[in-house]
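Okay, so here's the structure we're looking at.
There are 2 protein chains.
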Amino acid sequence: MLGLMQDRPLTLPHVFHRAEQLFGHKKIVTATATGQDTISIADWAVRVRRLATVLDTLGIGADGRVGTFCWNTSRHLELYLAAPCTGRVLHTLNIRLFPEQLVYIANHAEDEVVFVDRSLLPLLWPNVAKFETVKHFVVIDDGASAEIPDDPRIHDYEELLAAAEPFAGRFSVDDENRAAAMCYTSGTTGNPKGVVYSHRSALLHSLITLVADGIALSEHDVVLPVVPMFHANAWGLPYGCLLAGASVVFPGPNMTPQAIVDLLAEHKVTVTGGVPTIWMGMIPLLDGADLSSIRSVLCGGSAVPKSLSEAYREKLGVPMLQAWGMTETSPIATVSSINSHMDDWSDDAKADARARQGFPAPLVELRIADPDTGEEQPWDDSATGEIQAAGPWIAKEYYRGEGGGEQYTADGWLRTGDVATVDRHGSFRLVDRTKDLVKSGGEWISSVELENEIMAHPAVAEAAVIAIPHEKWVERPIACVVVKDGQSVTAQEILDFLESRVAKWWLPDAVEFIDEVPKTSVGKFSKKTLREKFGGYQVAAPDA
Amino acid sequence: MLGLMQDRPLTLPHVFHRAEQLFGHKKIVTATATGQDTISIADWAVRVRRLATVLDTLGIGADGRVGTFCWNTSRHLELYLAAPCTGRVLHTLNIRLFPEQLVYIANHAEDEVVFVDRSLLPLLWPNVAKFETVKHFVVIDDGASAEIPDDPRIHDYEELLAAAEPFAGRFSVDDENRAAAMCYTSGTTGNPKGVVYSHRSALLHSLITLVADGIALSEHDVVLPVVPMFHANAWGLPYGCLLAGASVVFPGPNMTPQAIVDLLAEHKVTVTGGVPTIWMGMIPLLDGADLSSIRSVLCGGSAVPKSLSEAYREKLGVPMLQAWGMTETSPIATVSSINSHMDDWSDDAKADARARQGFPAPLVELRIADPDTGEEQPWDDSATGEIQAAGPWIAKEYYRGEGGGEQYTADGWLRTGDVATVDRHGSFRLVDRTKDLVKSGGEWISSVELENEIMAHPAVAEAAVIAIPHEKWVERPIACVVVKDGQSVTAQEILDFLESRVAKWWLPDAVEFIDEVPKTSVGKFSKKTLREKFGGYQVAAPDA
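Residue numbers (the numbering used here), protein chains in the order written: chain W, 166 to 709; chain E, 166 to 709.
Right under this line is the structure:
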């Protein structure tokens, strides 16, 4: 027996039309090279409707991939809606990719057009000869002075919009499983792999950004997404803001800590989100700005150190809200909320709880399993296992079958590659990436936990722990340490510091000082680079 | 091109397993005839698993209808999950139905079993001979002394559970469009009609009870649903609470204002929900109780008078949160939130805003249209039209095709029968039911607005306005007024009072005093009864 409910597909046109109809008076602000642009949702919606016509005029296929190579701006948001609402597929290209990755991705996705901010054109154009499928480059003039090549494939965004009639009527996408957007994983190994979001997954994920025990986006919010719109759709914030009717402030090209702080203060931002590196860089500026409007600082992309979260709690009066996920999980999979069983915990214990990755979001199912045997592990906060994920916004495979399915279990769950423990209430705590675990004498050492302990030393700015081959123990950890400016510390002092904090057999076999931890294109520690650098390292057997 | 997301159906087993896995330590309290029962979600979940086995043992069909005739209790909540999670269809029977309606509904739905609270057995049992499909009656002993007939069809709930092994493993419903629950509309005209909720609609609606600009259910909440679980699934609160991990307090059979107030205070309830009548009855008790934990008083089922909402704001410090909807809309369609454009409004203007039905919930689309021509009306807060609704939890037809589809438009939207204006920000304001409008001289008079103005008179307890036939104007309004205990007022005094408050041609042609406004089984004004009573009424032509 079937239910007798209307067959209304869960599609992004709902997000667009809801915003247009209910929130036309709300504003979107974009910081530019020369000042700020402010546009009402009503005017923005007309531009989306014009852009829909432009995509037709350019001859983009019915499900053609629409590439973007853009900062966070209201015009990027126009593309976010116009592409999927007309059945095309938004493909956000990461502006920090290495040229060969960029070319690989655009060709692999078969992008038909790339919309590019003028300030980013110099990054894109040198590769243009290698793009095999792109027929048009549409330059969005963001006030930058970058020269525009004389090439028939190049169009001006504003000229195209001015010449286009706004699409009339309601956008309609019949099949909620149709592709809406795609994003390639940065992939520290192998080629980048494409994750293809459906309308259904994008809409459901947007709803999740509204739930009270999560980001709780509201019509009253003013949201500044620092997280780039080419990172898993800026964690769903753009679509979530439109669905909730929140005001949005886009930072544009100037991503310096001072520029972000100024925007937060000027626009009385209530919710902002970005990776830990961004928030670390802003700490020195927090005392000088009135940030009293902020109610939530969303932090994700990599584990949030307790000290960072506590610094914000001390200075802003609001702790960070940590969320965990990845491109393959749309990305929100967990949110580190403070639940009622913690009500009588000390501030310090709550800070520890916030440093965990937290609880599965509604509709998301998670489990931990032995990475080798697949055996499910208990939720006792002691057993570790790879997090596996299931849910309507979790990927089931990569675009064009890349990766051969090895990242998915036989019963269809995503193998995230992240290793965690889970407490009995369901709070997840990352301990490592499966590939970064150090397997010493048959036991696992968590490189991440060791890094956190080293970074607790007051003279240490950053630390990365990698495994090096070892004759007796198979692998042993070594620590690569960046010392804070103006400070100094010796290897022995770090080992002494660790002695009371970790098991003796966890002590690194060596401490190497480096100038900086190499990062991937999305700002994560590139341990691959460190492993290459220290691959031939020889240490004596530890005396453990 | 299709998205590459996991094919995870949106089904109620997710709600069950999420609650079981994450919130096992949370409590459900039920007030009983003799005290209070408290059960952990973990223990409750085992009982749901036993109940799943019981449904098999009783031989209930794979999609058999499972009737309930119960108060709001944790055992009713067991049925809420066990029936749909095993593929059956929960059918909540309204305990306030007249016997012939009850029999009609149970037969029409083809209920195979009815679970009945012992205290309600005397209401049910006299009709048992007329039930054509019910094979089993399972009595839930709630401590009442009602005699249990000696009949082989009767079973004891606890005995069945004790004898059943808990279902092991995960519940699974493959098709999210499968029926999960059904509820019959009270239907002031014609036979009651069945609305059949799907797993998809029930799960999406549950999510909506979690969004910040709505009820915003959270793990920190303690929720007391006063609204009966046989009214459109208690407005989605039971499933929403399980999804959010909120604690629940069920009032059981004692629905007196004092009993409710006592429960609210004792359990530090944060969110409660019910119809205006309930909250009116509680006003005299508010001063005597510590209700400082309450953050939201959800009110719906009929329009919420401004005076009622303001009384709560004054006494509790929190205004009522009005929601509008109906059985056919699952029921949440609008929520009367205070949006940011009202931030600088006066308290009185905000109170007026709260007395409106408010803004469409995410995923719900609403429009107003002329009830006769179907022409869509503008959102200028002046034009009126029947509200039409579309969305994934809006009914597309009634069970077994009842009503012949006349309640649905050609393009598949639900005709709600409610007439409203909409302001330019999308806030809906009910003015009447289509069938209650008074059509005088080609113009509409809103019976509801007229009633509200009459009820503003200090001596008036309740007022109902109905149309009576009129030779010249086709229809004219008359007012049926209930005077407050210990007060007195004349017809002329009421007309004088109205003179400055409504247009002259709106003034009722007569004011009749009655002892009480007749109510339907769900507590709404039964204007049908009044129209029957005053059908032959003759009045002189007004001098307008």
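Glycine is no exception: its CB is placed at the ideal position from the N, C-alpha and C atoms.
Computed from a predicted structure; not experimentally measured.
Exercise. Can you check whether the CB of E/V194 is closer than 7 Å to the CB of E/T203?
Worked result: yes
For this session: Could you check what DSSP says for E/A294 in three-state terms: helix, strand or coil?
Result: helix
For this session: Decide if W/Q553 is buried, meaning its Cβ has at least 16 other Cβ atoms within 10 Å, or exposed.
Result: buried
Exercise. What residue range is occupied by the uninterrupted beta strand (DSSP E) comprising W/R215?
Worked result: Here W/R215 belongs to no beta strand (DSSP E); instead the alpha helix (DSSP H) covers I206 to T222.
For this session: Please list, in chain order, all residues of the same chain as E/W609 whose beta carbon is under 6 Å from its beta carbon, the five residues on each side excluded.
Result: L602
Exercise. When the cut-off is 7 Å and only beta carbons count, does W/S383 lie next to chain E?
Worked result: Yes, because at least one Cβ of chain E sits closer than 7 Å to the Cβ of W/S383.
Exercise. Can you round the beta-carbon distance between E/D307 and E/S284 to whole angstroms, since I take them to be within the 8 Å contact cut?
Worked result: 5 Å
For this session: Answer yes or no: the CB of E/E640 versus the heavy atoms of the ligand GDP, is any distance below 6 Å?
Result: The ligand GDP is not part of the structure shown, which contains no ligands of any sort.
For this session: At 7 Å on the CB atoms, spell out the chain E contacts of W/D342, in chain order.
Result: Sequence check: residue 342 of chain W is Asn here, not Asp. In chain order: L167 and G168.
For this session: Would you check if the region 577–596 of chain E and the region 537–550 of chain E touch, i.e. whether three or more CB-CB distances between them fall below 8 Å?
Result: yes
Exercise. Count the other CB atoms within 10 Å of the CB of W/I225; is the residue buried (16 or more) or exposed (fewer)?
Worked result: buried
Problem set entry | Straight-line gap, W/A377 to W/L463 (C-alpha atoms, nearest Å) | 14 Å
Exercise. Measuring CA to CA, which of W/R230, W/L372 and W/S592 is closest to W/E277?
Worked result: W/R230
Exercise. Roughly how many whole angstroms lie between the Cα atoms of W/H256 and W/K358?
Worked result: 13 Å
Exercise. What is the DSSP secondary structure of E/V426, counted as helix, strand or coil?
Worked result: helix
Exercise. For the candidate residues W/P422, W/V414, W/T685 and W/D455, whose alpha-carbon lies nearest to that of W/V436?
Worked result: W/V414
Problem set entry | Contained alpha helix (DSSP H) runs [length at least 4] in the region 282–351 of chain E, N- to C-terminal order | 286–289 and 322–328
For this session: Please decide whether W/L408 counts as near chain B, where near means a Cβ-Cβ distance under 7 Å.
Result: In summary, chain B is missing from the structure at hand, where the protein chains are W and E.
For this session: Could you work out which residue in E/V281, E/M507, E/E681 and E/L372 is closest to E/A626 when comparing CA atoms only?
Result: Distance from the Cα of E/A626 is smallest, within the candidate group E/V281, E/M507, E/E681 and E/L372, for E/E681.
For this session: Identify, in the order they occur along the chain, each residue of the same chain with its Cβ nearer than 6 Å to the Cβ of W/S474, setting aside the five sequence neighbours on each side.
Result: P484, M485 and R519
Exercise. Which bits of chain E does W/S363 rub up against, with CB to CB less than 9 Å?
Worked result: L167, G168, L169 and M170
Exercise. What's the gap between the Cα of E/K515 and the Cα of E/H506?
Worked result: Using only the alpha carbons, I get a separation of about 11 Å.
Problem set entry | Alpha-carbon spacing of E/H320 relative to E/A430, whole angstroms | Approximately 36 Å between the Cα atoms of the pair.
Problem set entry | Buried or exposed by the 16-neighbour rule on C-beta atoms within 10 Å, applied to E/S310 | By the neighbour-count criterion, in which 16 or more other beta carbons inside 10 Å mark a residue as buried, E/S310 falls on the exposed side.
Exercise. In three-state terms, what does DSSP make of W/Q553?
Worked result: strand
Problem set entry | E/T494, buried or exposed, once every other Cβ within 10 Å from all chains shown has been counted against 16 | buried
Exercise. Which term fits W/A247, buried or exposed, when burial requires 16 or more other beta carbons within 10 angstroms of its beta carbon?
Worked result: buried
For this session: Jot down the residue ranges of each uninterrupted beta strand (DSSP E) in the region 408–463 of chain W, minimum 3 residues, whole runs only, in chain order.
Result: 412–415 and 436–439
Problem set entry | Whole-Å CB distance - E/I679 paired with E/V647, under 8 Å assumed | 6 Å
Problem set entry | Interface residues of the region 552–573 of chain W facing chain E [CB-CB below 8 Å] | A555, G556, P557, W558, I559, A560, K561, E562, Y563 and Y564
Exercise. For W/F756, which residues does DSSP report across the bridge?
Worked result: Residue 756 of chain W lies beyond the residue range present for chain W, which begins at 166 and ends at 709; the question has no answer from this structure.
For this session: Output yes or no for whether 7 Å exceeds the beta carbon distance between E/V180 and E/Y404.
Result: yes
For this session: Give the interface partners of E/G577 over in chain W, defined as CB-CB distance under 7 Å, in chain order.
Result: Q171
For this session: Could you check what DSSP says for W/Y362 in three-state terms: helix, strand or coil?
Result: strand
Problem set entry | Own chain residues within Cβ distance below 6 Å of E/T251, not counting five before or after | Same-chain partners within the cutoff: A217 and L220.
Exercise. Which residues mark the beginning and the end of the beta strand (DSSP E) in which W/P634 is found?
Worked result: V625 to H635
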